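Asks:
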Amino acid sequence: MLDLGICDRYGTAHVTAGAGAVRALRGGMVMEASTTIGKKLYAGFLLVVFATVVLSAVLPLLLQRILAQEQLLVITVPVALVTGMVLAFIISKSLTTEIRSLAATARIVAEGDLTRDVPVNTTDEVGELAAAFNQMVGGLRDVVREVKTTAGQVTTSAVALSASAEEMNGATEEIAATVEQIAKGAEHQASLVEQTSKVMREMANAITEIAARAKSAAEAAAEAGYTAQTGGKSAREAMDKMKGVFSIIEGAATGVKGFSEKTQQIGTIVDVITKIAQQTHLLALNATIEAARAGEAGRGFAVVAEEVRKLATEAASSAEKIGEIIKQIQSENSKVAGSIEVATREISSGREVLTYTGDALEDIVRVVVEEVKKVQEISALTQQQTQGAQELVKTIDEIAKVAEDNAASTEEASAATTEQTASMEQMAQNAQQLSRLADKLKTLVARFNVGD
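Counted from 1, the sequence shown has number 363 at position 378 by this note's numbering; the numbering is strictly sequential.
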């Protein structure tokens, strides 16, 4: 048997709590613009408590006249409990329905369908979770779209990069082959320049020797010119004396003797001139040989030397003629010594012979002087050629240095192109690997449906 006072106090307490809950609900302490699960549970708990309190308070009042206290307690408690359980089930059902919908959509998304969104019907945590889930799926959908687009672009770029790398690799290999050929050509060029430098040094030495010989020849020619001028002067003096002899032929015994001596001097001079002409001929011949050795550079020198040789030959021929004339004069002088009368008859012819002899001597002197000038010009030219050859050797040496530098540079360029070829091959391999990774990425994102 229950104490009725206890029931009254219990009912009063529940009524008081229920009244407080009602006041809380009416005052807006639970409901807000954005309802949370905690608030829902709290509101549901208050509702259950309120219903329990109300039932516990109202049912006894309604049934206390009909039923006994024991029966009233037995009926009131189960009814309150059933009512609370029903209300709790309804609240739980409203929460689990939305969560099951979210879980089902999550499973569909996990299978790759990114076109599904969770309907947002509440503003509580489940609604916020659904909105965040939809936002996540939308972001994932955008990411997958971007990944698909980027993967396609990466594949296209990788293929283009691979093709470009292969083309550049082929071009680099051709460049490497060309540079290698250039390097070989530069080495061959350096070798040829070195050989040319050696030949030019030898030629410069030969030109220097020719210049020395030409200088000696010029000095000898100058001496010969001086001798020829002296001989010409002596010959003119002899002619003057011969004219005096012709003018005083009657007392010519002494004059004939002097004439004989002068003719002997003339013979000596002619011998000297003959020797000079022979020496000049020999020098000109040597100059011609040296000019032939010099090749194209000595062609002009060879022409001058040939002219000198011809003039020397003519001088020798003239000297030989003069010698013959001197012999004739001596023969005539002997006849004059034997017979003044015969000498007198031969005066006219002797004067003609003397005139011819003087002209011949003047020609010889003139030719010798001209040859001296030519030999001096040859000497000056050989000196200039010596300087030019030295400058040419210096230039060839500089060219050889440049050729060596070019050979070294081409070797460095060949090494650089080899390294570049290896880099291009590595880039082609990286491009192919990038293409494979892009294809794999496309395969991975192909399982996602983004509604395109």
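Positions of the beta carbon are idealized from the N, C-alpha and C atoms, including for glycine.
Here the structure is a predicted model, which is why all the values come from computation and not from measurement.
1. Taking the beta carbon of Lys218 as the centre, do at least 16 other beta carbons fall within 10 Å, making it buried, or is it exposed?
2. Rounded to the nearest angstrom, what separates Asn271 and Gly308 at their Cα positions?
3. Mind checking whether Thr439 and Glu305 have CB atoms under 9 angstroms apart?
4. If you draw a straight line from the alpha carbon of Ile349 to that of Ala365, how long is it in whole angstroms?
5. Work out the CA separation of Glu110 and Ile75 for me, nearest whole Å.
6. Hey, Ile167 and Thr395: beta-carbon distance below 9 angstroms or not?
7. Taking 6 angstroms as the limit between beta carbons, can you name the residues of its chain near Asp102, skipping five residues before and five after?
8. Rounded to whole angstroms, what is the Cα-Cα separation between Gln263 and Glu362?
9. Helix, strand or coil for Asn106 per DSSP?
10. Give every residue of the same chain whose Cβ lies closer than 7 angstroms to the Cβ of Arg294, excluding the five residues on either side of it in the sequence, and list them in chain order.
11. Taking 8 angstroms as the threshold, find out whether the region 127 to 138 comes into contact with the region 417 to 429 through three or more Cβ pairs.
12. How should Ile314 be labelled, buried or exposed, when 16 other C-beta atoms within 10 angstroms of its C-beta is the threshold for buried?
13. Tell whether a beta-carbon distance below 9 angstroms holds between Lys358 and Leu296.
14. Compute the beta-carbon to beta-carbon distance between Ala407 and Glu151, rounded to the nearest angstrom, for a pair I have assumed lies under 8 angstroms.
15. What does the alpha-carbon distance come out to for the pair Asn391 and Lys169?
16. Comparing the C-beta of Val354 with each C-beta of chain C, is any distance below 9 angstroms?
17. Between Gln180, Asn190 and Ala95, which lies nearest to Gln370 when the distance is taken from Cα to Cα?
18. What separation, rounded to the nearest whole angstrom, lies between the Cα atoms of Gln180 and Thr380?
19. Could you tell me if Ala89 is buried or exposed, where buried requires 16 or more neighbouring beta carbons within 10 angstroms of its beta carbon?
20. If you draw a straight line from the alpha carbon of Glu275 to that of Gly285, how long is it in whole angstroms?
21. Between Val353, Glu246 and Val128, which lies nearest to Glu204 when the distance is taken from Cα to Cα?
22. From this set, Val128, Ala401 and Gly112, which residue's C-alpha is nearest Thr81's C-alpha?
23. Whose C-beta lies closer than 7 angstroms to the C-beta of Ala116 among residues of the same chain, with five residues either side of it excluded?
24. Going by alpha carbons, who is nearest to Glu347 out of Glu222, Val144 and Thr248?
25. What do you get for Ser316, buried or exposed, if any count of 16 or more other CB atoms within 10 angstroms of its CB means buried?
26. Is it buried or exposed for Ser420, if we count other Cβ within 10 angstroms and need 16 for buried?
27. Using only the alpha-carbon positions, how far apart do Ala301 and Val255 sit?
28. Label Lys247 either buried or exposed according to how many other C-beta atoms from any shown protein chain fall within 10 Å of its C-beta, with 16 as the threshold for buried.
29. Is the distance from the Cβ of Val94 to the Cβ of Val122 below 9 angstroms?
30. Distance, Cα to Cα, Arg92 vs Glu131?
Replies: In terms of the structure at hand:
1. Answer is exposed; the Cβ neighbour count stays below 16.
2. One C-alpha to the other measures close to 27 angstroms.
3. Not covered by the structure: residue 439. The range shown for the chain is -14 to 437.
4. Distance between the alpha carbons of Ile349 and Ala365: 24 angstroms.
5. When the Cα atoms are used, Ile75 and Glu110 turn out to be separated by approximately 18 angstroms.
6. With a cutoff of 9 angstroms on beta-carbon distance, Ile167 and Thr395 are scored as near each other.
7. Correct list, in chain order: Asn119.
8. If you take the alpha carbons of Gln263 and Glu362, they lie about 20 angstroms apart.
9. If DSSP states are grouped into helix, strand and coil, Asn106 belongs with coil.
10. Apart from sequence neighbours up to five positions away, the residues of its chain that approach Arg294 with a beta-carbon distance below 7 angstroms are His266, Ala269, Leu270 and Thr273, ordered along the chain.
11. With a cut-off of 8 angstroms, the region 417 to 429 and the region 127 to 138 count as touching, because enough Cβ pairs lie within range.
12. In summary, Ile314 is buried, with 16 or more beta-carbon neighbours lying within 10 Å of its beta-carbon over all protein chains present.
13. No, the Cβ-Cβ distance between Lys358 and Leu296 is not below 9 angstroms.
14. So it is not a contact: roughly 14 angstroms between Cβ atoms.
15. If I take the Cα positions, the gap works out to 11 angstroms.
16. Judged by its chain identifiers, the structure shown contains no chain C, having just a single protein chain.
17. For Gln370, the nearest C-alpha among the options comes from Asn190.
18. Rounded to the nearest angstrom, the two C-alpha atoms are 14 angstroms apart.
19. By the neighbour-count rule (16 or more Cβ atoms within 10 Å), Ala89 is not buried but exposed.
20. Taking the straight line from one Cα to the other gives about 12 angstroms.
21. Ranking Val353, Glu246 and Val128 by Cα distance to Glu204 puts Val353 first.
22. Nearest Cα to Thr81 within the set Val128, Ala401 and Gly112: Gly112.
23. For Ala116, where only same-chain residues beyond five positions count, the Cβ hits under 7 angstroms are Val105.
24. Answer by Cα proximity: Glu222.
25. With fewer than 16 other Cβ atoms within 10 Å, it is exposed.
26. With at least 16 other beta carbons inside 10 angstroms of its own, Ser420 counts as buried.
27. One C-alpha to the other measures close to 9 angstroms.
28. Its Cβ being crowded by 16 or more others within 10 Å, Lys247 is buried.
29. Yes; because the gap between Cβ atoms is below 9 angstroms, this pair is in contact.
30. Rounded to whole angstroms, the gap between the alpha carbons of Arg92 and Glu131 is 23 angstroms.
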